[in-house]
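Here the sequence shown stands for residues 11 to 443, numbered as in our numbering. C-beta: ideal position from N, C-alpha, C; glycine also.
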Amino acid sequence: MEKRILIFGSGYVAAPVIEYLTRQPENQLTVASNILADAEKLADGHEQVAAVVADVTNDQVIADLVEQHDIVISLVPYLFHVAIAQQCIKFRKHLITASYVSPEMKALDQAAKDAEILILNEIGLDPGIDHLSAMKVIDEAHDKGGKVKSFASWCGGLPAPEFNDNPLGYKFAWAPRGVLLALLNQAKFYKHNKVEIIESADLLSSAKPVVVSEELALEGYPNRDSTSYREAYQIPECENLIRGTLRYPGFCDVITAAHKLGLLDIKSKPDTNLTWKTYIEQQLSTHHLNLSESVTKAFEWLGLFEEQSLPDSDSLLDAFCSVLQAKLQYQSNETDMIALQHRFELVFDDRPEFLTSTLVVKGDVGGYSAMSKTVGYPVAIATQLILDGEIQDKGVHIPVLRHFYEPILELLEEEGIECIEREQSQLDEHFFL
């Protein structure tokens with residue numbers, strides 16, 4: 011029986027989603043994009059895939075497409091998910107996204123239940139695979155009568171080690187703005203059962219070493235709000251709980267300096283009468299700052315000491331983004347990598363056990379990036395399981411329940427995406443916080 015799947019969005023994640031779902035001959039896919047050429051490129055070579063142009067700011071356009079399909083995948087920016095979800099509720103069609111559940115999306119829970127549809131969010135990498143692999147360990151510990159005393163989760167998308175060849179240890183597969191804006195939020199997490207808060211100005215300077223493996227020594231800084239995961243993961247007993255972002259050493263020092271020099275300012279427009287060199291020198295003098303040798307070299311490499319005028323951008327942050335965009339691009343022969351590591355301190359009858367769950371995936375030269383695989387395949391697998399009736403939940407969900415994570419993790423292994431669990435010897439709290 012033919013199953014009709016609608017995909018909103020034609021970005022980097024769409025290709026592996028399409029590749030996976032077209033393995034089933036009964037699946038007929040429509041890729042809806044605001045850029046028809048991108049949708050047509052994705053459909054090229056796939057008899058089961060059609061391409062259409064669609065404006066997701068137009069509710070009628072969304073409605074007309076949703077009505078014609080059995081299930082909907084939204085790969086467009088999260089701001090558009092709720093409008094799509096509302097049409098899915100109206101026409102009783104399931105919806106899958108890889109984005110965090112917004113308060114507006116959460117508010118649709120009862121309406122989705124009344125429509126007898128599932129709106130499954132947070133089924134990418136982070137969020138997504140992190141939920142699946144964490145809940146597997148947590149449920150197994152609880153099943154054995156254990157408790158989760160400490161939980162740390164670190165994840166990052168990075169250049170593959172062989173292409174880590176610049177002073178920031180980072181490259182952008184898309185616009186840098188989102189990465190920088192995320193650094194303007196404070197971070198909250200649990201430490202010794204108390205909420206710790208790190209203000210945005212101190213976020214990157216709080217980074218700590220995170221050794222994922224002998225070959226992969228990284229740094230991590232905390233994400234926006236880890237405190238909600240006590241409830242989400244059903245671990246009220248957890249005393250130390252932090253989720254954070256991984257970067258190569260160097261990134262945090264350079265961006266911390268940029269922050270102090272006003273380069274993450276979203277309110278002030280750049281003075282185009284100034285050169286980068288003059289601007290940096292003025293800021294160093296005004297704030298009585300000295301740059302370390304490594305940061306100075308990084309700024310030189312970025313061209314921030316050159317006699318080039320600041321661009322006419324909307325903000326200093328946007329001006330800085332233009333510099334990063336020009337210098338930190340992936341070349342066609344270069345690949346990325348994702349690293350995800352959970353760290354657990356489990357307690358059984360007052361006896362501690364330490365465990366790590368680690369996933370490292372590299373991109374394929376000329377093929378899918380690591381990020382597109384680890385976001386796209388979970389989305390596609392979840393979609394197929396819903397179509398096959400293996401997942402029958404209703405309402406707004408994230409994949410933290412056993413009947414979500416067990417089949418999805420198993421099918422991800424078949425795609426070469428496997429979280430490796432290892433028992434560890436005695437660890438101190440610095441392993442977690």
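Does the beta carbon of residue i sit closer than 8 Å to a beta carbon anywhere in chain B?
i: K51; result: In summary, chain B is missing from the structure at hand, where a single protein chain is found.
Does the beta-carbon distance from residue i to residue j come in below 8 Å?
i: Y231; j: S216; result: yes
i: E416; j: L365; result: no
i: L256; j: L168; result: yes
i: V410; j: K157; result: no
i: A93; j: D69; result: yes
i: K270; j: S325; result: no
i: D275; j: L327; result: yes
i: S509; j: G19; result: In this structure the chain extends from 11 to 443, so residue 509 is not present and cannot be described.
i: N1; j: S367; result: In the structure displayed, the chain extends from 11 to 443; residue 1 sits before or after that span and is not available.
i: G134; j: P388; result: yes
i: F330; j: A268; result: yes
i: D119; j: V406; result: yes
i: G138; j: V333; result: no
i: F101; j: V66; result: no
i: F182; j: Q335; result: yes
i: S143; j: L299; result: no
i: S236; j: F199; result: yes
i: G272; j: Q293; result: yes
i: W286; j: E310; result: no
i: I408; j: H141; result: yes
i: A308; j: P177; result: yes
i: L213; j: A197; result: yes
Taking all protein chains shown into account, do 16 or more other C-beta atoms lie within 10 angstroms of the C-beta of residue i, making it buried, or fewer, making it exposed?
i: S435; result: exposed
i: D360; result: exposed
i: R253; result: buried
i: I99; result: buried
i: S82; result: One detail in the question is off: residue 82 reads as Val in this sequence, not Ser. So V82 ends up on the buried side.
i: L193; result: buried
i: V205; result: exposed
i: G426; result: exposed
i: V222; result: buried
i: H352; result: buried
i: M11; result: exposed
i: P26; result: buried
i: G188; result: exposed
i: N233; result: buried
i: Q97; result: buried
i: S302; result: exposed
i: D263; result: buried
i: A390; result: buried
i: A227; result: exposed
i: G155; result: exposed
i: L191; result: exposed
i: A47; result: exposed
i: K383; result: buried
DSSP has residue i in a bridge; who is on the other side?
i: H352; result: S163, S367
i: E206; result: F199
i: V62; result: A42
i: N250; result: S160
i: R187; result: DSSP output for R187 lists no bridge partner at all.
i: G230; result: K218, L256
i: N37; result: K13
i: P362; result: V357
i: S84; result: F18, T107
i: S223; result: L226
i: T285; result: S319
i: K372; result: M347
i: D235; result: K198
i: T182; result: Checking the displayed sequence, the identity of residue 182 turns out to be Phe instead of Thr. In DSSP, F182 forms a bridge with Q339.
**Request:** Just list the beta strand (DSSP E) runs in the stretch 378-432, keeping only unbroken ones of 3 residues or longer that don't cross its boundaries, in chain order.
**Result:** Counting only runs of 3+ residues, the beta strand (DSSP E) found wholly inside the stretch 378-432 occupies 405-407, in chain order.
**Message:** Which complete beta strand (DSSP E) runs does the stretch 93-177 hold, if anything under 3 residues is left out?
**Reply:** 104-107, 128-130, 157-169, all fully within the stretch 93-177.
**Asked** Are there three or more Cβ pairs, one per stretch, closer than 8 Å when the stretch 49-64 is compared with the stretch 76-85?
**Response** Touching, no, given that fewer than three Cβ pairs across the two stretches are closer than 8 Å.
**Asked** For the stretch 30-49 against the stretch 103-114, are there 3 or more C-beta pairs whose distance is under 8 Å?
**Response** Because the criterion of three Cβ pairs below 8 Å is not met, the stretch 30-49 and the stretch 103-114 do not touch.
**Asked** Quick one: any contact between the stretch 384-396 and the stretch 127-138, if contact means 3 or more CB pairs under 8 Å?
**Response** The stretch 384-396 vs the stretch 127-138: in contact.
**Asked** Does the pairing of the stretch 109-128 with the stretch 143-155 give three or more beta-carbon distances under 8 Å?
**Response** Touching, no, given that fewer than three Cβ pairs across the two stretches are closer than 8 Å.
**Cβ contact check for the stretch 379-394 and the stretch 337-356: 3 or more pairs under 8 Å** = Taking a cut-off of 8 Å on C-beta distances, the stretch 379-394 touches the stretch 337-356, as three or more cross pairs fall below it.
**Request:** Enumerate, from N- to C-terminal direction, the unbroken alpha helix (DSSP H) stretches of 4 or more residues contained entirely within the stretch 297-326.
**Result:** Within the stretch 297-326, the complete alpha helix (DSSP H) runs of at least 4 residues are 303-312.
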